[in-house]
């Protein structure tokens, strides 16, 4: 029984590392994915940037009072910008 537990504790890290390697391999997006991203998601992202800016203005006083301006800025300004502008085309 002890041998089984020791063997399991030795083998499990190697298996999870192999699975992690497969999970994080970079795949090149297809032409269809790039086209769909450019035609649908980028315009939606640009609209989301504008909507989040409009939402950020009335949220900002409450964020200042609550002391969480960094979280509000991250969620309403930085994340939509990264999704729309910084992300490679076709990478979802």
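In the numbering used here, the protein residues as written are 3 to 94.
For each residue, glycine too, the CB sits at the ideal point set by N, CA and C.
Residue 92 vs residue 45 beta-carbon contact at 8 Å: no
What are the boundary residues of the alpha helix (DSSP H) that includes residue 36? 33-38
Looking only at its chain, what residues have a beta carbon closer than 6 Å to the beta carbon of residue 43, apart from the 5 residues adjacent to it on each side? none
I think residue 59 touches residue 86, with their Cβ atoms under 8 Å apart; what is that distance to the nearest whole Å? Not confirmed; about 19 Å, so no contact.
Please list the terminal residues of the continuous alpha helix (DSSP H) segment that includes residue 51. 44-68
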